[in-house]
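Protein chains: 2
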Amino acid sequence: MNADELSDRCRKAKDASRVLGRASTTAKNGALRAIAEGLVDQGEAILQANRLDCEAAERDGLNAAMIDRLLLNAERLWGMAADVRVVADLPDPVGETFDMRTLPNGLQIGRRRVPLGVIGAIYESRPNVTVDIAVLALKSGNGVVLRCGRDALRSSAALADVVRRGVASAGLPQEAVQFIDSPDRSLVSALLRAREFIDLMVPRGGADLIRYVTESAAMPVVAGGIGVCHTYVDRSADLDMALEVVHNAKVRRPTICNALDTVLVHRDVAPSFLPRLAERWAAHGVEMRCDEPALALLAARPLVVAAGEADWGYEFLALKAAVKVVDSLDEALAHIERYGSGHSEAIITEAYSAAMRFLDEVDAAAVYVNASTQFTDGAQFGLGAEVGISTQRIHARGPMGLRELTTYKWVILGQGHTRP
Amino acid sequence: MNADELSDRCRKAKDASRVLGRASTTAKNGALRAIAEGLVDQGEAILQANRLDCEAAERDGLNAAMIDRLLLNAERLWGMAADVRVVADLPDPVGETFDMRTLPNGLQIGRRRVPLGVIGAIYESRPNVTVDIAVLALKSGNGVVLRCGRDALRSSAALADVVRRGVASAGLPQEAVQFIDSPDRSLVSALLRAREFIDLMVPRGGADLIRYVTESAAMPVVAGGIGVCHTYVDRSADLDMALEVVHNAKVRRPTICNALDTVLVHRDVAPSFLPRLAERWAAHGVEMRCDEPALALLAARPLVVAAGEADWGYEFLALKAAVKVVDSLDEALAHIERYGSGHSEAIITEAYSAAMRFLDEVDAAAVYVNASTQFTDGAQFGLGAEVGISTQRIHARGPMGLRELTTYKWVILGQGHTRP
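So the sequence lines, in the order shown, correspond to chains C and Y.
Mapping of the first sequence onto the numbering used here: residues 632 to 1051, in sequence order.
Mapping of the second sequence onto the numbering used here: residues 632 to 1051, in sequence order.
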């Protein structure tokens, strides 16, 4: 495939997206159910393709974590099929008309929700992203152009084939789903220039990929996924609660973007809180990178080390956390403003006014009082599913579900109205 | 001013915007009322600066229309002050909490509307844009960085001074309003790179400016203002209504982006409709650029000429219109899809199914049945005011009012919730 062929595929997706954008919910749900069935019925072909990917990855010396991300098996396929059925059962955002009213001159005017058009996705070695993104795009009436990493190319191609067959079986245009079945890296930059055909680009993967896509794309990008998340334990915190929430925010899944990176502890409660946290974390293998006051309280404990400047504002994605003692809520807020990435931030407090100030003043996609930042997730937030988590300010912020893959048009109904 | 000083100004706007974002509605409205008073009280200084701009423009040989755009007088200042008071009276979008609900696990979660941050504006020779944009930004809690064209620099500087004094008099940080008081063109490209400090860029001016800003800006842009607008007269149209609406859409104000550019007429009604339109338009000096079937119906009439290919999809901004006879609604829809700019499109019809298809299938910011496209305007749509008209799909479409200058953050209230 060369850049011209890629452009042609994108154009086909755009053309087909116009049909998909007007498709009935029944037809779109039919496509989704056919995809769920296809994942099971064509499971053997998918797993065969995945075996080739995994063998190649082993030959290329990928580490165990990367191969696990790549690996599919029957259970994972069934899980994917179940997830597709969940999306089929979600309400269709398209066609909702809102803010409809009659103006004093008798014009009826409102906004009608319509698909964005074509969603582009650039991702790495998780083949399930192929299905995740395609299904959310289809349900919200969008076409999709999928570009996956070289390691998962065969698996993702097999999954994209299932998606396209499902779309066609429901009488919808399979050209709405385009899969780039070439590992040529120059196609990525061509894709990022295809502003005429792709309305929104979604990068899914590591920080380098996200940065590259954000800086290079000619179309809007949902730039998310990078989460430097703080939890501040206020002087008035319930320390039992703080221990459970801070522990959960770090340890439940340390490798996801909403995991805790830095604990800020008010100096009044640091002497009682930090030793309890260090004891809990030592038992779970969490390394604590401490500022000097914290270090003084935790001296000679296992897995306690001195923090360097680079630890503040660092996304660990591992069983490591930075720990800082602060003099006040103000200092905590200033630290979060300086080092946070605008993803998820939490305060643990029993003080009403501290909770209110934190909610008011912290500028992040998700701001918590007395809860774990690991809740930042489309399904947890009641959106049913998510295409990604936005840390930008425009269009959508935080978990992006189906509604966030739509825009609106104004519809105006007159009876021969002319403007004076 | 050099690029470093510009960056410093942008940083100041960003820092001050955090204070402004938490300011009370009372304080913000106080600033707006002080600005309205300042426009009158400091009117002599503003008009003196404007006289210098106008004299320089005459020396530079600007044409009368351009000098009229530049010109301020007491009446125009009073009009600006009245417009500022209108914005002060609008509801404040900031702080509205929506989609708030309690999840099955007891977590309370919702979205709270917050300012975007800092709005950048790059505009040409209309000094009133200085006040328009600054006031909408301030009301919605945003900072603003203003860059106006060389011709209006003195006038706009005087107006920006009134704005800053008004902000300060209300106890808010005047650094939230930054005016770039240098005509150096290299500062524009520096401004377009200031992604760290400016959250949304609004270009206001001609097509070249808008294209340049859209293609060069590192931050999101509200790209609007280019409107290639069609009105389709269906076979079932009430032709008296069609005549009034088509005439209004072109002639009321031919130089604005929502003005009609192309009339599409169904062939069944073209013989009765087009001669009436030609008679009306000849009396108002509207040139009709016709395809062959239309030309055959209007042969030898005044101001009727043959259309060239470049007339389709052209934004005339003048008393000129392209005229095309189509065989069907399908042909009209296909023409609009190919040549429209996604701004405002209208159908004149008495047929229910034609109206429904037009509403469903036309992909534009504003889609009309039996009304003039000149209604596409923030005030007309009930938004109170507008910062611009977006023809993009992301974030906001059509007229952008105060709400469209905001984003939201998720707020989550727990009682020690941890994620299983």
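In this text, a Cβ means the ideal position worked out from N, Cα and C, and glycines have one as well.
Flag this pair as yes or no: are the beta carbons of H1048(C) and A1002(Y) separated by less than 8 Å?
-> Residue 1048(C) sits at position 417 when you count from the first residue of the first sequence. Residue 1002(Y) sits at position 371 when you count from the first residue of the second sequence. Yes.
Go ahead and pull the three-state DSSP assignment for F729(C).
-> By one-based count along the first sequence, residue 729(C) stands at place 98. Secondary structure at F729(C): strand, using DSSP grouped into helix, strand and coil.
Pairwise C-alpha distance: A783(C) and R757(C) = The count along the first sequence starts at 1 and reaches residue 757(C) at position 126. The count along the first sequence starts at 1 and reaches residue 783(C) at position 152. Approximately 7 Å between the Cα atoms of the pair.
Nearest neighbour of R649(C), chosen from V808(C), L908(C), E940(C), H1026(C) [CA to CA] = To locate residue 649(C), count along the first sequence from 1; it is residue 18. It is V808(C).
With a cut-off of 8 Å on the beta carbons, I'd call Q1023(C) and R884(C) a contact; round off their distance for me.
-> Here residue 1023(C) refers to the residue found at position 392 of the first sequence. Here residue 884(C) refers to the residue found at position 253 of the first sequence. Not really, about 24 Å apart at Cβ, beyond 8 Å.
In the structure shown, what three-state DSSP assignment does P924(C) receive?
-> Taking the first sequence and counting its residues from 1, the one referred to as residue 924(C) is at position 293. In this structure, P924(C) counts as helix in the three-state DSSP scheme.
Output the boundary residues of the alpha helix (DSSP H) element that contains P906(C).
-> As a working note, residue 906(C) is residue 275 in the first sequence. Per DSSP, P906(C) belongs to the alpha helix (DSSP H) from 901 to 915.
Starting from the C-beta of G1079(Y), find all residues in its chain whose C-beta is less than 8 Å away, skip the five residues before and the five after it, and write them out in chain order.
-> Outside the modelled stretch of chain Y, which goes from 632 to 1051, sits residue 1079(Y), for which no answer is possible.
Check whether the Cβ atoms of A705(C) and G661(C) lie closer than 8 Å to each other.
-> In the first sequence, the residue the question calls residue 705(C) occupies position 74. In the first sequence, the residue the question calls residue 661(C) occupies position 30. No, they are not a contact pair.
Could you tell me which residues DSSP puts in a beta bridge with G1047(C)?
-> Here residue 1047(C) refers to the residue found at position 416 when the first sequence is read from its first residue. DSSP lists no partner for G1047(C).
Sorted by chain position, which residues of the same chain lie with C-beta nearer than 6 Å to E755(C)'s C-beta, five sequence neighbours on each side aside?
-> In the first sequence, the residue the question calls residue 755(C) occupies position 124. Closer than 6 Å at the Cβ level, and outside the excluded window around E755(C), lie G780, G836.
Are the beta-carbon atoms belonging to I829(Y) and C685(Y) less than 8 Å from one another?
-> For this step, residue 829(Y) is matched to residue 198 along the second sequence. For this step, residue 685(Y) is matched to residue 54 along the second sequence. No.
Please confirm if V1000(Y) has its CB atom under 8 Å from at least one CB of chain C.
-> Locating residue 1000(Y) in the second sequence gives position 369, where the first residue counts as 1. A Cβ of chain C is located within less than 8 Å of the beta carbon of V1000(Y).
In three-state DSSP terms, what is A953(C)?
-> As a first step, residue 953(C) is located in the first sequence; it is residue number 322 there, counting from the start. Correct three-state label for A953(C): strand.
Neighbouring residues, chain Y, relative to F828(C) (Cβ below 9 Å) = Sequence index remark: in the first sequence, residue 828(C) carries index 197 (1-based). The contacting residues do not exist; F828(C) stays about 13 Å from chain Y at best.
For A953(C), the nearest candidate out of S959(C), S655(C), E940(C) (CA to CA) = In the first sequence, the residue the question calls residue 953(C) occupies position 322. It is E940(C).
Do V833(Y) and L790(Y) have their C-beta atoms within less than 8 Å of each other?
-> In the second sequence, residue 833(Y) corresponds to position 202, counting from 1. In the second sequence, residue 790(Y) corresponds to position 159, counting from 1. No, they are not a contact pair.
Identify whether H861(Y) lies in helix, strand or coil by the three-state DSSP scheme.
-> The sequence position of residue 861(Y) within the second sequence is 230, counting from 1. Note: H861(Y) maps to strand in three-state DSSP.
Which value, in whole angstroms, describes the spacing of the CA atoms of S638(Y) and L822(Y)?
-> Your numbering for residue 638(Y) matches position 7 in the second sequence. Your numbering for residue 822(Y) matches position 191 in the second sequence. Distance between the alpha carbons of S638(Y) and L822(Y) is about 8 Å.
Q1046(Y) versus chain C: which residues are under 7 Å apart at the beta carbon?
-> Stepping through the second sequence from its first residue, residue 1046(Y) is reached at position 415. Neighbours of Q1046(Y) in chain C, taken as residues at a C-beta separation under 7 Å, are given in chain order as N1001.
Go through its chain and collect everything with a Cβ distance to R1028(Y)'s Cβ below 6 Å, but skip five positions before and after it.
-> For this step, residue 1028(Y) is matched to residue 397 along the second sequence. A distance below 6 Å between beta-carbons, with the five flanking residues on each side excluded, links R1028(Y) to the following residues of its chain, in chain order: A996, S1021.
Under the three-state DSSP convention, the category H897(C) falls into | The sequence position of residue 897(C) within the first sequence is 266, counting from 1. Secondary structure of H897(C) (DSSP, three-state): strand.
Nearest candidate by alpha-carbon position, reference E1035(Y), set S655(Y), N736(Y), G772(Y), Q739(Y) | Position 404 of the second sequence holds residue 1035(Y). Nearest of S655(Y), N736(Y), G772(Y), Q739(Y) to E1035(Y), Cα basis: G772(Y).
Helix, strand or coil for D994(Y) per DSSP?
-> Taking the second sequence and counting its residues from 1, the one referred to as residue 994(Y) is at position 363. Note: D994(Y) maps to coil in three-state DSSP.
Contact with chain Y by E875(C), beta-carbon distance below 8 Å | By 1-based counting over the first sequence, the position of residue 875(C) is 244. E875(C) counts as touching chain Y.
Just mark M1031(C) as buried or exposed, buried being the case when its beta carbon has 16 or more other beta carbons within 10 Å.
-> Here residue 1031(C) refers to the residue found at position 400 when the first sequence is read from its first residue. M1031(C) should be labelled buried.
Minimum C-alpha distance to G856(Y) - residue among G1019(Y), A665(Y), V745(Y), P1051(Y) = The residue given as residue 856(Y) occupies position 225 in the second sequence. Of the candidates G1019(Y), A665(Y), V745(Y), P1051(Y), the residue whose Cα lies closest to the Cα of G856(Y) is G1019(Y).
Consider the Cβ of N694(C): report whether some Cβ of chain Y lies at a distance smaller than 8 Å.
-> In the first sequence, counting from the first residue as 1, residue 694(C) sits at position 63. Under the 8 Å criterion on CB atoms, N694(C) is classed as non-interfacial with respect to chain Y.
First and last residue of the uninterrupted beta strand (DSSP E) at R743(Y) | Start at 1 with the first residue of the second sequence, and residue 743(Y) comes out as number 112. Run containing R743(Y): 739 to 746, per the beta strand (DSSP E) assignment.
Quick one: grab the DSSP three-state call for Q593(C).
-> What is shown of chain C runs 632 to 1051, which leaves residue 593(C) out entirely.
Pick from I764(Y), T1037(Y), S813(Y): whose alpha carbon is nearest that of R785(Y)?
-> Within the second sequence, the letter at position 154 stands for residue 785(Y). Nearest of I764(Y), T1037(Y), S813(Y) to R785(Y), Cα basis: S813(Y).
Out of T1038(C), E668(C), D871(C), state which residue places its alpha-carbon closest to the alpha-carbon of T980(C).
-> For the purposes of this step, residue 980(C) is identified with residue 349 of the first sequence, where counting begins at 1. When only C-alpha atoms are compared, the closest one is D871(C).
Pull up the distance between the alpha-carbon of G774(C) and that of D720(C), whole angstroms please.
-> If you number the first sequence from 1, residue 774(C) lands on position 143. If you number the first sequence from 1, residue 720(C) lands on position 89. Roughly 20 Å between the two C-alpha positions.
Environment of L683(C) [buried if 16+ CB atoms lie within 10 Å] = Residue numbering aside, residue 683(C) sits at position 52 when the first sequence is read from its first letter. L683(C) should be labelled exposed.
Do you know offhand how far L663(Y)'s Cα is from I698(C)'s?
-> Position 32 of the second sequence holds residue 663(Y). Position 67 of the first sequence holds residue 698(C). Using only the alpha carbons, I get a separation of about 60 Å.
Between which two residues does the alpha helix (DSSP H) containing A686(Y) stretch?
-> Working through the second sequence from its first residue, we reach residue 686(Y) at position 55. In the sequence as displayed, the identity of residue 686(Y) is Glu instead of Ala. Element bounds for E686(Y): 674 to 690.
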